[in-house]
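Visitor: Take a look at this one; I'll ask things after.
Number of protein chains: 2
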Amino acid sequence: MNLKELAERLKLSQTTVSRALNGYPEVSAKTRRRVEEMARALGYAPNQQARRLATGRSMSIGHVLPRSLHEMLNPVFMEFIAGAGETYAQRGYDMVIAIVDDGQEESAYQEIVARKKADGVMLHGPRVAETRHTLLKSLDLPFLVHGRIPGAEDATDWIDMNNRRAFERAAHLLLDLGHRRIAFLNGLEDMDFVARRKAGYMTALNDRGVELDPALMRNSAMTEPFGALSAREMLTAARPPTAFLVSSMITAIGVSRAISECGLRIGQDVSVITHDDALSFLPNSGEVPIFTCTRSSVRTAGIRAAEMLIKRLIDQPVEPISELLEADLILGQSTGPAG
Amino acid sequence: MNLKELAERLKLSQTTVSRALNGYPEVSAKTRRRVEEMARALGYAPNQQARRLATGRSMSIGHVLPRSLHEMLNPVFMEFIAGAGETYAQRGYDMVIAIVDDGQEESAYQEIVARKKADGVMLHGPRVAETRHTLLKSLDLPFLVHGRIPGAEDATDWIDMNNRRAFERAAHLLLDLGHRRIAFLNGLEDMDFVARRKAGYMTALNDRGVELDPALMRNSAMTEPFGALSAREMLTAARPPTAFLVSSMITAIGVSRAISECGLRIGQDVSVITHDDALSFLPNSGEVPIFTCTRSSVRTAGIRAAEMLIKRLIDQPVEPISELLEADLILGQSTGPAG
DNA sequence: GTCGAAATCCAAAGCGGTTTGAAAGCCGTC
DNA sequence: GACGGCTTTCAAACCGCTTTGGATTTCGAC
Chain S
1 MNLKELAERL KLSQTTVSRA LNGYPEVSAK TRRRVEEMAR ALGYAPNQQA RRLATGRSMS
61 IGHVLPRSLH EMLNPVFMEF IAGAGETYAQ RGYDMVIAIV DDGQEESAYQ EIVARKKADG
121 VMLHGPRVAE TRHTLLKSLD LPFLVHGRIP GAEDATDWID MNNRRAFERA AHLLLDLGHR
181 RIAFLNGLED MDFVARRKAG YMTALNDRGV ELDPALMRNS AMTEPFGALS AREMLTAARP
241 PTAFLVSSMI TAIGVSRAIS ECGLRIGQDV SVITHDDALS FLPNSGEVPI FTCTRSSVRT
301 AGIRAAEMLI KRLIDQPVEP ISELLEADLI LGQSTGPAG
Chain A
1001 MNLKELAERL KLSQTTVSRA LNGYPEVSAK TRRRVEEMAR ALGYAPNQQA RRLATGRSMS
1061 IGHVLPRSLH EMLNPVFMEF IAGAGETYAQ RGYDMVIAIV DDGQEESAYQ EIVARKKADG
1121 VMLHGPRVAE TRHTLLKSLD LPFLVHGRIP GAEDATDWID MNNRRAFERA AHLLLDLGHR
1181 RIAFLNGLED MDFVARRKAG YMTALNDRGV ELDPALMRNS AMTEPFGALS AREMLTAARP
1241 PTAFLVSSMI TAIGVSRAIS ECGLRIGQDV SVITHDDALS FLPNSGEVPI FTCTRSSVRT
1301 AGIRAAEMLI KRLIDQPVEP ISELLEADLI LGQSTGPAG
């Protein structure tokens, strides 16, 4: 069932039928209704390929993931995607995901443009030294950054969580509880969000005149063993920390494992605050959550991000658009006053 | 830069250029070389929309995820996708992912067919009472199941891990170590793989004449708290288990948390075996892995699945194709002889 | 009754490829 | 030198939709 057949059945031209279905004004309400009914009755749906070719728009949004990035952000990424995907579907966009070898990103983007695979792309996991945005600008491919690109905050569309403020507040909470030796397990140093979280932590400690101890600050991919190993080493060292600030819940789980294994009790002997991305398979939201945490739903971020990118594609606003989400600071069972 | 321009530059017809680039035999080697060079020089890449319209193939593969399924399988799903995505990219296919509300699946598939959005789809998370495959058959949309559909093993393409054997072996290992009270924390009961794992567990226990204790068997979404809560309750009950068989590493982490909190030592006082999907953010592969586990890389499964589905699309084999992957049983630190 | 604007509708030209059916070029053969 | 059989190339149709520019109809105003 295609437009032509449908038009013949209706004894109308393809033009009129097309216009009726696409909501153009130059068709009478009566005709429009007739067309719509017939289309429904015959189960007509316009062929997407044909429409794309004719309009020049692909009605899809691309996500290019270098493999290394994907591996680090896997669960978080998926949740973001899920949120964005919802919105895409509602708005009639498709989501195409390309997972490419590191270093193949550039050609992936070029191909998206050359072959008109997507109308816009989502840029994931911006680094401290980011370059992808300049490529995208030169390719004239619309994009939105999930996170922020240092130095390009005013020149790109982005949505981000206020990492700095969240971690500053979390650190302040620990300081308020009397903790002075606060370990900080953070993600890989070249990621922008990692730098911002570190800045928040440092600001808080500086505010209170607490000296930074490099021995208490570590960076790594945010795995469970990273948390367990680090915590174990730190807790058995000369001057152990009394609290941990942890960038990811998975790592925090590792930390709490180490704490138990050291014969200590979490929340009493040692405090832990983590960041909770509100991942569905890692719920931390009982009556009293296990972990005290900064929480910001990455899924919600995905939803907003998709809306913003689509807005960019359709309305083409002159000014860059951006949104900064604040994280909640949520009290759980993993924090208590310093011994 | 499109075909027409390229052909003009070469002083050839579009036909010849198209054929040269697509490897048709009726074009001389010399001409072909000339065309290829010019195409490369001018950075020509055929417009995908146009090609799709002309060929009727979309050169993309769909993944339709009902929201509930996505939430349960999130991390595993993402890893599978990553594997499949690699293969798609290599073979020139795009991956389009649709995340839809529960109950919208049917219309999502219909739309894929009506609008020619994808040439085939991957079917995720088959249930014990599965029906999607009959819909897909009637829509004549090629698909491959990740997992197996009970009763349709011989009528559908699928790739699966040998869940039953894996869990049977794991249970046997625990039995060999002298454990008799073996708790089993499994996924949601309506999933096919959950049923198979249960069958494996039950077979092993029956083999040794160990009676099943319903109090030791639980089903739930495989979250961390599910593991922690269940283990805590069981360990503090009248006749506590001495070992846990756990369907997911995330849940196993919860179990180990509960074990510690009960003042017990994992691997000594209580044994744990889990299934390890080899997720990148949950490494369990040090010199001696933390968890004794059955391991099967879901990413590898994704790679193979994509290859198989593409084979289906291209070669259209008459017989259904399938592949059963065996899991490794890997000894870690979490198992030891029953006290 | 005529005129002009507004409201409807239509034929045809793209969009950028693939593919069919036919023509042209080339070669050796009789 | 005409002919048959390959190889190589081409013009044109086609995929199914959107959209331009124009034609036709409607209708109130004069």
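Chains S and A are the protein sequences, given in the same order.
Residue numbers for the first sequence, in the working numbering: 1 to 339.
Residue numbers for the second sequence, in the working numbering: 1001 to 1339.
Quick reminder that beta carbons are idealized off the backbone N, C-alpha and C, glycines included.
Model, not experiment: these values are computed from the prediction.
In chain S, which residues lie less than 8 Å from Leu1282 (chain A) when you measure between Cβ atoms?
Guide: For the purposes of this step, residue 1282 (chain A) is taken as the residue at position 282 of the second sequence. Here the neighbours are Thr223, Glu224, Ile250.
Visitor: Determine which residues share a DSSP beta bridge with Glu1233 (chain A) and list them.
Guide: In the second sequence, the residue the question calls residue 1233 (chain A) occupies position 233. In DSSP, Glu1233 (chain A) forms no bridge with anything.
Visitor: Can at least three beta-carbon pairs, one atom from the stretch 203–214 of chain S and one from the stretch 168–175 of chain S, be found at a separation below 8 Å?
Guide: Counting Cβ pairs under 8 Å, three or more are found: they touch.
Visitor: Can you tell me whether DSSP reads Gly62 (chain S) as helix, strand or coil?
Guide: Position 62 of the first sequence, counted from the first residue, corresponds to residue 62 (chain S). DSSP places Gly62 (chain S) in strand when its eight states are reduced to three.
Visitor: Beta carbons nearer than 8 Å to chain A: which residues of the stretch 251–270 of chain S have them?
Guide: Within the stretch 251–270 of chain S, the residues whose Cβ lies closer than 8 Å to some Cβ of chain A are Ile253, Ser256, Arg257, Ser260, Glu261, listed in chain order.
Visitor: At 4 residues or longer, and completely inside the stretch 102–171 of chain S: list those alpha helix (DSSP H) runs for me, N to C.
Guide: Listed in chain order, the complete alpha helix (DSSP H) runs (minimum 4 residues) inside the stretch 102–171 of chain S are 105–114, 132–139.
Visitor: Give me the subset of the stretch 1093–1108 of chain A whose CB atoms are less than 9 Å from a CB atom of chain S, sorted by chain position.
Guide: Answer set for the stretch 1093–1108 of chain A: Asp1094, Met1095, Val1096, Ile1097, Ala1098, Ile1099, Val1100, Asp1101, Gln1104, Ala1108.
Visitor: Going by DSSP, which residues form a beta bridge with Met1217 (chain A)?
Guide: Taking the first residue of the second sequence as position 1, residue 1217 (chain A) is located at position 217. Looking at the DSSP assignment, Met1217 (chain A) forms a beta bridge with A:Phe1184.
Visitor: Are any of the Cβ atoms in chain A nearer than 9 Å to that of Arg19 (chain S)?
Guide: By 1-based counting over the first sequence, the position of residue 19 (chain S) is 19. Output row for Arg19 (chain S): interface = no.
Visitor: Between Gly1103 (chain A) and Arg1132 (chain A), what straight-line distance do the alpha-carbon atoms span, to the nearest angstrom?
Guide: Taking the first residue of the second sequence as position 1, residue 1103 (chain A) is located at position 103. Taking the first residue of the second sequence as position 1, residue 1132 (chain A) is located at position 132. Looking at the two C-alpha atoms, the distance is approximately 11 Å.
Visitor: Given that Gly187 (chain S) touches chain A, what residues does it touch there, using C-beta distances under 9 Å?
Guide: What you label residue 187 (chain S) is simply residue 187 of the first sequence in a count that begins at 1. Ordered by position in chain A, no residue passes the 9 Å Cβ test against Gly187 (chain S), which lies about 11 Å from the chain.
Visitor: If the cut is a Cβ gap below 9 Å, which residues of chain A does Gly200 (chain S) touch?
Guide: Position 200 of the first sequence, counted from the start, is the residue given in the question as residue 200 (chain S). Within chain A, no residue comes near Gly200 (chain S); the closest Cβ sits about 23 Å away, beyond 9 Å.
Visitor: So, is the C-beta of Pro1320 (chain A) closer than 9 Å to a C-beta in chain S?
Guide: Here residue 1320 (chain A) is taken as the residue at index 320 of the second sequence, counted from 1. No - not a single Cβ of chain S is within 9 Å of the one on Pro1320 (chain A).
Visitor: Mapping the DSSP letters down to three states, classify Val1100 (chain A) as helix, strand or coil.
Guide: For the purposes of this step, residue 1100 (chain A) is taken as residue 100 along the second sequence, with counting starting at 1. Val1100 (chain A): strand per DSSP, three-state reduction.
Visitor: For Leu1282 (chain A), which option in A:Ala1098, A:Val1298, A:Asn1022, A:Pro1126 has the closest C-alpha, if you only look at C-alpha atoms?
Guide: To locate residue 1282 (chain A), count along the second sequence from 1; it is residue 282. If we check each option's Cα against that of Leu1282 (chain A), A:Val1298 comes out closest.
Visitor: From which residue to which residue does the beta strand (DSSP E) around Thr292 (chain S) run?
Guide: Counting from one through the first sequence, the residue named residue 292 (chain S) turns up at place 292. Where Thr292 (chain S) is concerned, the enclosing beta strand (DSSP E) stretches over 292–295.
Visitor: For Glu1360 (chain A), does the three-state DSSP call read helix, strand or coil?
Guide: Absent from the model: residue 1360 (chain A). The displayed extent of chain A is 1001 to 1339, so no value can be given.
Visitor: Does the Cβ of Thr134 (chain S) have 16 or more other Cβ atoms within 10 Å, making it buried, or fewer, making it exposed?
Guide: Here the question's residue 134 (chain S) lines up with position 134 in the first sequence. Label assigned to Thr134 (chain S): exposed.
Visitor: I want to see whether chain A comes within less than 9 Å of Ala45 (chain S), judged by CB atoms only; does it?
Guide: Indexing the first sequence from 1 puts residue 45 (chain S) at position 45. Closer than 9 Å to some Cβ of chain A, the Cβ of Ala45 (chain S) qualifies, so yes.
Visitor: Determine the direct distance from the alpha carbon of Glu1005 (chain A) to that of Gln1014 (chain A), and round the result to whole angstroms.
Guide: Position 14 of the second sequence holds residue 1014 (chain A). Position 5 of the second sequence holds residue 1005 (chain A). For Gln1014 (chain A) and Glu1005 (chain A), the distance between alpha carbons rounds to 9 Å.
Visitor: Should Val272 (chain S) and Val246 (chain S) be called a contact, given that it needs their Cβ atoms to be closer than 9 Å?
Guide: Here residue 272 (chain S) corresponds to residue number 272 of the first sequence, with the count starting at 1. Here residue 246 (chain S) corresponds to residue number 246 of the first sequence, with the count starting at 1. Yes, Cβ-Cβ distance for Val272 (chain S) and Val246 (chain S) is below 9 Å.
Visitor: Look at the Cβ atom of Leu1021 (chain A), then the Cβ atom of Ala1039 (chain A), and state whether they are nearer than 9 Å.
Guide: What you label residue 1021 (chain A) is simply residue 21 of the second sequence in a count that begins at 1. What you label residue 1039 (chain A) is simply residue 39 of the second sequence in a count that begins at 1. Yes. Within cutoff.
Visitor: What first and last residue would you give for the alpha helix (DSSP H) that runs through Thr1203 (chain A)?
Guide: Locating residue 1203 (chain A) in the second sequence gives position 203, counting from the first residue. Where Thr1203 (chain A) is concerned, the enclosing alpha helix (DSSP H) stretches over 1192–1207.
Visitor: Is there at least one non-hydrogen atom of the ligand FMN closer than 8 Å to the beta-carbon of Phe291 (chain S)?
Guide: What this structure holds is no ligand at all, so the ligand FMN is not there to describe.
Visitor: Helix, strand or coil: how does DSSP classify Phe244 (chain S) here?
Guide: In the first sequence, the residue the question calls residue 244 (chain S) occupies position 244. In this structure, Phe244 (chain S) counts as strand in the three-state DSSP scheme.
Visitor: Might you give, ordered along the chain, the residues of its own chain that have their beta carbon closer than 6 Å to the beta carbon of Glu1079 (chain A), omitting 5 neighbours on each side?
Guide: Position 79 of the second sequence holds residue 1079 (chain A). Answer for Glu1079 (chain A): Leu1279, Val1298, Arg1299, listed in chain order.
Visitor: First and last residue of the alpha helix (DSSP H) that includes Ser1256 (chain A)?
Guide: Your numbering for residue 1256 (chain A) matches position 256 in the second sequence. 1249–1261 is the extent of the alpha helix (DSSP H) around Ser1256 (chain A).
Visitor: With DSSP as the reference, identify every bridge partner of Thr1274 (chain A), one or two as the case may be.
Guide: Walking along the second sequence from the start, residue 1274 (chain A) turns up at place 274. Note: Thr1274 (chain A) sits in a beta bridge opposite A:Val1246, A:Cys1293.
Visitor: In chain order, which alpha helix (DSSP H) runs of at least 4 residues are fully inside the stretch 1014–1048 of chain A?
Guide: Taking only runs of at least 4 residues, the alpha helix (DSSP H) segments lying wholly in the stretch 1014–1048 of chain A are 1014–1021, 1029–1042.
Visitor: Return the residue from the list S:Gln90, S:Val100, S:Ala89 that minimises the CA-CA distance to Glu1086 (chain A).
Guide: Stepping through the second sequence from its first residue, residue 1086 (chain A) is reached at position 86. The shortest Cα separation from Glu1086 (chain A) among S:Gln90, S:Val100, S:Ala89 belongs to S:Val100.
Visitor: Compute the distance between the beta-carbons of Thr223 (chain S) and Gly254 (chain S), then report whether it is under 9 Å.
Guide: The residue given as residue 223 (chain S) occupies position 223 in the first sequence. The residue given as residue 254 (chain S) occupies position 254 in the first sequence. In contact: Thr223 (chain S) and Gly254 (chain S) (Cβ atoms closer than 9 Å).
Visitor: Could you say which of A:Leu1065, A:Val1113, A:Val1027 lies nearest to Gly1056 (chain A) if we only look at CA atoms?
Guide: Residue mapping note: residue 1056 (chain A) aligns to position 56 of the second sequence, counting from 1. Gly1056 (chain A) has its Cα closest to that of A:Val1113, out of A:Leu1065, A:Val1113, A:Val1027.
Visitor: Which residues in the same chain as Asp119 (chain S) place their Cβ atom closer than 6 Å to its Cβ, once the five residues preceding and following it in sequence are excluded?
Guide: Walking along the first sequence from the start, residue 119 (chain S) turns up at place 119. So the list reads Arg57, Ser58, Leu313, once near-sequence residues are dropped.
Visitor: Run through DSSP, which three-state label would Glu1189 (chain A) get?
Guide: For the purposes of this step, residue 1189 (chain A) is taken as residue 189 along the second sequence, with counting starting at 1. Coil at Glu1189 (chain A), not helix or strand.
Visitor: What's the call for Thr1341 (chain A), buried or exposed, on a 16-neighbour Cβ count within 10 Å?
Guide: Only positions 1001 to 1339 of chain A appear in this structure, which leaves residue 1341 (chain A) out of reach.
Visitor: So the candidates are A:Arg1218, A:His1063, A:Ile1149; which of them puts its Cα closest to the Cα of Arg1192 (chain A)?
Guide: As a first step, residue 1192 (chain A) must be located in the second sequence, where it is residue number 192. Reading the sequence as shown, one finds Asp at residue 1192 (chain A) and not Arg. The option with the nearest alpha carbon to Asp1192 (chain A) is A:Ile1149.
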